[in-house]
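Each residue of the sequence shown is one higher than the one before, counting from 40 in this note's numbering.
Notes to accompany the following structure.
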Amino acid sequence: MKRRVFIGSGLAAAASLAMPRRRLFASMLPASPLRRQDVMAVTGDGRQVTLPWAAINELRSSIRGDVLLAGDDGYEEARRILNPSFDKQPALIARVTGTADVRQAVDFARDHGGLLTAVKCGGHSSSGKSTCDRGMMIDLSPFRDVRVDPIARTARVTGGSLLGQLDHEAMTYDLVVPMGTVSHTGVGGLVTGGGFGRVARRFGLSVDNLLSVDVVTADGQFRRASAEENPDLFWGVRGGGGNFGVVTSFEFRLHPMQRQVMAGQIMFPLARARDVLRVYGEYGARAPDDIQLDFVMALPPGGAVGAVGFNVCWSGDPAGLDRALAPVRAIGTPIADDVKAMDYVALQRSGDINDPRASEGYLKSGFITGITPGLIDAIVNGFAGHPTRSTALFCQHSGGAINRVAASATAVPQRSALGNLLCFVDWKFGEDGSQHVEWIKRFWSGVERYTDGFYVNDTEIDMTDAAIRANYKQNHDRLVQIKNRYDPTNLFRLNANVQPTV
Ligand code: FAD
Numbered sequence: 040m041k042r043r044v045f046i047g048s049g050l051a052a053a054a055s056l057a058m059p060r061r062r063l064f065a066s067m068l069p070a071s072p073l074r075r076q077d078v079m080a081v082t083g084d085g086r087q088v089t090l091p092w093a094a095i096n097e098l099r100s101s102i103r104g105d106v107l108l109a110g111d112d113g114y115e116e117a118r119r120i121l122n123p124s125f126d127k128q129p130a131l132i133a134r135v136t137g138t139a140d141v142r143q144a145v146d147f148a149r150d151h152g153g154l155l156t157a158v159k160c161g162g163h164s165s166s167g168k169s170t171c172d173r174g175m176m177i178d179l180s181p182f183r184d185v186r187v188d189p190i191a192r193t194a195r196v197t198g199g200s201l202l203g204q205l206d207h208e209a210m211t212y213d214l215v216v217p218m219g220t221v222s223h224t225g226v227g228g229l230v231t232g233g234g235f236g237r238v239a240r241r242f243g244l245s246v247d248n249l250l251s252v253d254v255v256t257a258d259g260q261f262r263r264a265s266a267e268e269n270p271d272l273f274w275g276v277r278g279g280g281g282n283f284g285v286v287t288s289f290e291f292r293l294h295p296m297q298r299q300v301m302a303g304q305i306m307f308p309l310a311r312a313r314d315v316l317r318v319y320g321e322y323g324a325r326a327p328d329d330i331q332l333d334f335v336m337a338l339p340p341g342g343a344v345g346a347v348g349f350n351v352c353w354s355g356d357p358a359g360l361d362r363a364l365a366p367v368r369a370i371g372t373p374i375a376d377d378v379k380a381m382d383y384v385a386l387q388r389s390g391d392i393n394d395p396r397a398s399e400g401y402l403k404s405g406f407i408t409g410i411t412p413g414l415i416d417a418i419v420n421g422f423a424g425h426p427t428r429s430t431a432l433f434c435q436h437s438g439g440a441i442n443r444v445a446a447s448a449t450a451v452p453q454r455s456a457l458g459n460l461l462c463f464v465d466w467k468f469g470e471d472g473s474q475h476v477e478w479i480k481r482f483w484s485g486v487e488r489y490t491d492g493f494y495v496n497d498t499e500i501d502m503t504d505a506a507i508r509a510n511y512k513q514n515h516d517r518l519v520q521i522k523n524r525y526d527p528t529n530l531f532r533l534n535a536n537v538q539p540t541v
């Protein structure tokens with residue numbers, strides 16, 4: 040579809056009144072000869088293309104947001120994502136403010152040979168999928184809004200929103216929808232991949248609480264998807280990541296929940312790691328839905344004195360807390376036990392990263408369905424301290440309501456996991472991180488055989504098609520059919536990519 044702009048008409052003059060002031064002044068100035076150049080870019084399948092200056096200008100004047108090229112004000116900030124290891128330079132960045140802008144950007148990418156297209160919401164992708172070199176970034180961050188209907192108990196959230204805004208707006212009515220644990224994570228990426236968090240064992244994954252989505256698919260069309268309308272697209276978006284288009288609006292069902300939860304850490308000396316893991320395997324699998332027990336094992340640099348235990352969130356009746364924690368406290372004398380009443384929104388912000396670009400990082404992860412003696416050996420024997428950095432092993436608790444959803448009900452097939460095991464090392468921005476990456480790979484080589492698939496939102500760089508196919512299990516064939524229908528040219532390939540077959 041072409042949406043031409045007729046410059047010089049009265050309509051254009053009227054439109055200029057609505058232009059951001061900086062852009063209006065810029066359009067009055069004689070453009071510098073340097074800025075009048077065509078831009079070289081790359082397509083998704085690796086071909087070089089030239090983006091004519093006139094076409095870029097046409098895009099500029101047809102969207103409300105900004106179109107940024109290298110050297111423009113705001114380009115350096117917009118191109119960044121959370122992990123500064125991914126220092127990429129898109130040929131252009133469309134900073135979109137609404138669905139109309141998203142449509143224009145998608146049309147532009149498609150009409151120029153199928154530009155390599157990255158979609159950025161919160162920028163948390165651990166494998167850097169939300170940015171790219173010499174392609175187009177569709178930056179959704181100016182497109183943030185949350186509207187809660189406390190009577191209907193629903194929330195509408197625009198595609199660029201961060202989860203902290205949703206938590207904040209919903210909790211003012213004592214309502215909640217399961218989201219992740221760091222408030223500056225994007226709803227766009229988190230939810231399309233699944234969405235694990237502190238109350239997901241009680242209410243299901245984020246995707247299990249979706250009522251509908253609005254999507255701009257690769258043909259630039261706006262589509263509403265729900266159980267009744269475009270149900271195949273609705274099924275695919277719930278776990279298929281950004282494979283089918285850009286979600287411009289999410290509609291969630293909300294649940295009543297008291298604002299105050301009981302949360303904190305219960306930690307033991309590292310020497311108790313085997314006991315802690317055994318209890319996790321036994322109790323974690325049958326614990327009440329109201330408790331979230333995220334396993335944590337951490338070593339400071341050099342591995343001097345480490346600790347092992349749990350991050351706890353109890354969202355049920357406070358009177359039931361002691362009973363729910365009894366198996367954990369029976370492990371022995373803790374070195375810390377600070378579980379106390381906390382405001383849920385504050386808890387959701389408590390892990391936020393103050394200076395997110397100060398360190399680079401590398402992650403290995405996989406779902407575990409239980410804790411076997413072999414896994415305990417692999418963890419305890421392999422988790423040696425790193426010489427210069429602190430290291431952490433974490434397991435985000437699954438089960439409960441998450442696992443009561445059938446593996447074929449959404450595109451997320453991992454419905455029998457005890458949790459998502461993640462090992463993470465970070466290092467100071469600018470340092471050579473190769474030794475840290477090697478360390479984590481060595482550790483993970485002993486653990487990986489005990490994992491069963493991985494969370495698509497933790498997909499690694501250069502994950503093979505075979506690995507993605509295997510990970511989606513029985514759901515992969517259906518995802519391919521949906522991909523063939525809504526993105527047959529694979530415009531949206533920077534994700535856990537489902538490759539089209541048409
Ligand atoms: P982005 O990097 O902006 O986007 C990632 C990908 O999502 C994009 O490449 C695109 O393919 C897709 N995408 C983004 N927005 C849209 C949209 N509107 N429409 C279609 N596709 C879109 N996960 C959990 O489940 N629970 C957690 O508690 C959790 N905690 C985390 C904490 C941290 C510090 C980090 C770094 C990650 C965490 N994650 C967690 C993983 C998280 O779910 C993924 O990193 C997710 O991709 C982040 O979404 P984003 O929008 O911030 O990322």
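In this text, a Cβ means the ideal position worked out from N, Cα and C, and glycines have one as well.
These figures come from a predicted structure and were not determined experimentally.
Residue j beta carbon less than 8 angstroms from that of residue i
i, j, result
"Ala194", "Arg183", "no"
"Arg118", "Met176", "yes"
"Leu518", "Ala257", "no"
"Arg488", "Val464", "no"
"Gln520", "Ser447", "no"
"Leu460", "Ser389", "no"
"Met79", "Ala148", "no"
"Arg241", "Ala440", "yes"
"Arg313", "Ile392", "no"
"Gly421", "Val486", "yes"
"Phe334", "Phe433", "yes"
"Arg292", "Arg134", "no"
Residue i versus the options, residue with shortest Cα-Cα distance
i, options, result
"Ile132", "Arg240, Gly110 and Gly413", "Gly110"
"Asp328", "Ser429, Arg313, Phe334 and Val238", "Val238"
"Lys159", "Thr540, Pro539, Gln299 and Asn534", "Asn534"
"Arg532", "Asn510, Met502 and Gln513", "Met502"
"Arg317", "Ile120, Gly409 and Gln513", "Gly409"
"Leu309", "Gly174, Ile374 and Val255", "Ile374"
"Pro339", "Gly279, Phe307 and Ala423", "Ala423"
"Arg142", "Ala509, Thr287 and Leu250", "Thr287"
"Thr490", "Asn459, Ile407 and Val252", "Ile407"
"Tyr401", "Arg313, Ala417 and Asp497", "Asp497"
"Gln21", "Asp146, Pro412, Gly153 and Met296", "The structure shown does not extend to residue 21, since the chain spans only 40 to 541, so no value can be given for it."
"Leu179", "Ser165, Ala144 and His425", "Ala144"
"Met296", "Glu399, Val81 and Asp356", "Asp356"
"Gly572", "Gly236, Lys522, Ala94 and Cys352", "Residue 572 falls outside the range modelled here, since the chain spans only 40 to 541, and no answer is possible."
"Gly137", "Gly104, Asn122 and Phe125", "Gly104"
"Ser455", "Val351, Pro426, Gln76 and Gly492", "Gly492"
"Ala337", "Phe307, Pro270 and Asp361", "Phe307"
"Tyr494", "Leu244, Asp84 and Tyr322", "Leu244"
"Gly236", "Arg192, Thr224 and Gly219", "Gly219"
"Gln128", "Lys168, His151, Ala93 and Asp146", "Lys168"
"Glu290", "Val246, Glu477 and Ser101", "Val246"
"Ala450", "Asn510, Val196, Gly323 and Val315", "Asn510"
"Gly162", "Thr224, Ile330 and Val135", "Thr224"
"Gln435", "Leu457, Asn442, Pro452 and Val419", "Leu457"
"Val300", "Ile330, Gly278, Gly279 and Ile95", "Ile330"
"Gly228", "Phe261, Ser166 and Asp213", "Ser166"
"Gly323", "Val378, Asn248 and Ala365", "Ala365"
Residue range of the beta strand (DSSP E) that includes residue i
i, result
"Gln435", "Thr430 to His436"
"Gln304", "Gln299 to Pro308"
"Val286", "Gly284 to Arg292"
"Thr197", "Thr193 to Thr197"
"Ile507", "Unbroken run through Ile507 is the alpha helix (DSSP H), Asp504 to Tyr511; no beta strand (DSSP E)."
"Val347", "Ala346 to Trp353"
"Gly458", "Gly458 to Lys467"
"Ser404", "Ser398 to Ile407"
"Ala568", "Look at the range of the chain in this structure, 40 to 541, and you will see that residue 568 is not part of it."
"Ala264", "Phe261 to Ser265"
"Arg186", "Val185 to Asp188"
First and last residue of the uninterrupted alpha helix (DSSP H) at residue i
i, result
"Tyr525", "His515 to Tyr525"
"Thr138", "Thr138 to Asp150"
"Lys168", "No alpha helix (DSSP H) holds Lys168; DSSP gives it neither H nor E."
"Val135", "From DSSP, Val135 is part of no alpha helix (DSSP H); its letter is neither H nor E."
"Met210", "Leu202 to Met210"
"Asp271", "Pro270 to Val276"
"Ala417", "Pro412 to Gly421"
"Ala93", "Trp92 to Ser101"
Is the region 106 to 126 close to the region 204 to 216, with three or more CB pairs under 8 angstroms? no
Indicate whether the contact test is met: 3 or more Cβ pairs, each with one atom in the region 465 to 477 and one in the region 370 to 388, closer than 8 angstroms. no
Could you say if the region 273 to 286 and the region 246 to 260 meet the contact criterion of at least three C-beta pairs nearer than 8 angstroms? yes
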